[in-house]
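One structure below.
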Amino acid sequence: MSLHEVLPGALLFASHFYVEAGALFDPRIPAEGGIEEVARHGRPDRILLSNRHHLRHAEAFADAFGCSIHVQRAGLHEFAHGGPDVRPFGFGDEVAPGVRALEVGALCDEETAFHLRTGPGALLFADALIRGEDGALGFVPDFLMGEEPERVKRGIGAALARLLAEDFDAVLFAHGEPLAAGGKRALEDFLRARALAA
0 MSLHEVLPGA LLFASHFYVE AGALFDPRIP AEGGIEEVAR HGRPDRILLS NRHHLRHAEA
60 FADAFGCSIH VQRAGLHEFA HGGPDVRPFG FGDEVAPGVR ALEVGALCDE ETAFHLRTGP
120 GALLFADALI RGEDGALGFV PDFLMGEEPE RVKRGIGAAL ARLLAEDFDA VLFAHGEPLA
180 AGGKRALEDF LRARALAA
C-alpha cells in the first residue's frame with residue numbers, strides 16, 4: 000500500500016505517520032517504495048508504540064532516521080533484556096506535538112490510544128478496537144484476549160466510553176481502514192450495540 004493522506008498531515012500506509020508531529024505509529028515498512036517512500040513525505044523523529052507488541056519495523060526506521068522509540072512505561076519490561084533502546088511515556092503525556100497518549104489498558108497494561116490534534120481530531124487505536132473488512136468495528140479474536148475475554152471486553156468498553164469525552168471525529172486503526180469522518184458516532188453506536196456504554 001502506498002502512502003495516502005487520511006487527515007491533514009496524517010498519512011496512512013501499513014501504519015500511520017503524522018508528518019507535522021514527526022511521529023510514526025507502530026510502523027511497518029511500506030510494500031511500495033520502502034522507507035524511502037516515507038522520507039519523501041517528511042522525516043520522523045520519534046516512533047510511538049501503542050503497545051509493546053507493535054515494535055514491528057520500528058528498529059529499521061530508527062536506524063534510517065535516527066528516531067527514538069517510545070512505549071507506555073508499563074510495556075518497558077519487553078525491552079529490558081536486549082533489543083532496541085525504548086523510552087517510556089505516561090498516559091496523559093503529550094508524546095509529540097499535537098499528540099497525547101490516552102489510557103486504554105484492559106488488553107494489556109500499556110495499551111494506548113493516541114489523540115491527534117489534526118483536522119476534526121482523531122483517535123488512533125492499536126489492538127483494543129479494530130475495523131473488519133466489512134467496515135464494522137470490533138475486538139480482536141477472543142484467543143488473543145487471555146483467559147477472560149469477556150472481562151477484557153468490559154474493560155475495553157469502559158476505556159472506549161471514557162475516550163468519547165475527547166474531541167475527535169476520525170478514528171484510525173492499526174488493524175483496519177480508517178474512518179476519516181463519523182468515527183465518534185461509530186464508536187458510540189458500537190458501544191451501544193454491545194451494551195458496553197458506561
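With the first letter of the sequence shown counted as 1, position 51 gets the number 50 in numbering that gives the first Met the number 0; the numbers rise by one all the way through.
Note that CB positions come from ideal geometry on N, CA and C, so glycine has one too.
Counted as a single uninterrupted DSSP element, the beta strand (DSSP E) harbouring PHE16 occupies residues 15-17. HIS69 counts as buried, since no fewer than 16 other beta carbons sit within 10 angstroms of its beta carbon. A buried status is given to LEU106, since no fewer than 16 other beta-carbon atoms sit within 10 Å of its beta-carbon.
Here ASP168 is near ALA180, since their CB atoms are less than 7 Å apart. For ARG150, the enclosing alpha helix (DSSP H) stretches over residues 148-162.
Boundaries of the beta strand (DSSP E) harbouring VAL98: 98-102, taken from the DSSP string. DSSP places VAL94 inside the beta strand (DSSP E), whose first and last residues are 93-95. Counting along the chain, ALA59 sits inside the alpha helix (DSSP H) bounded by residues 57-64. Using a C-beta cut-off of 8 Å, the segment 59-74 makes contact with the segment 26-45, since at least three inter-stretch Cβ pairs fall below that distance. Secondary structure note for LEU186: its alpha helix (DSSP H) is the uninterrupted segment 182-192. If you check the CB distance, PRO87 and ALA20 do not come in under 7 Å. Burial check for HIS76: the Cβ neighbour count within 10 Å stays below 16, so the residue is exposed. Taking 7 Å as the cut-off, the Cβ atoms of GLN71 and THR111 count as close.
In the DSSP annotation of this structure, the continuous segment of the alpha helix (DSSP H) that includes VAL37 starts and ends at 33-38. GLY32 and LEU190 have their C-alpha atoms spaced approximately 38 Å apart.
Collapsing the DSSP output to three states places GLU4 in a strand.
Of the residues GLU132, LEU128, ARG150 and GLY8, the one whose Cα lies closest to the Cα of LEU159 is LEU128.
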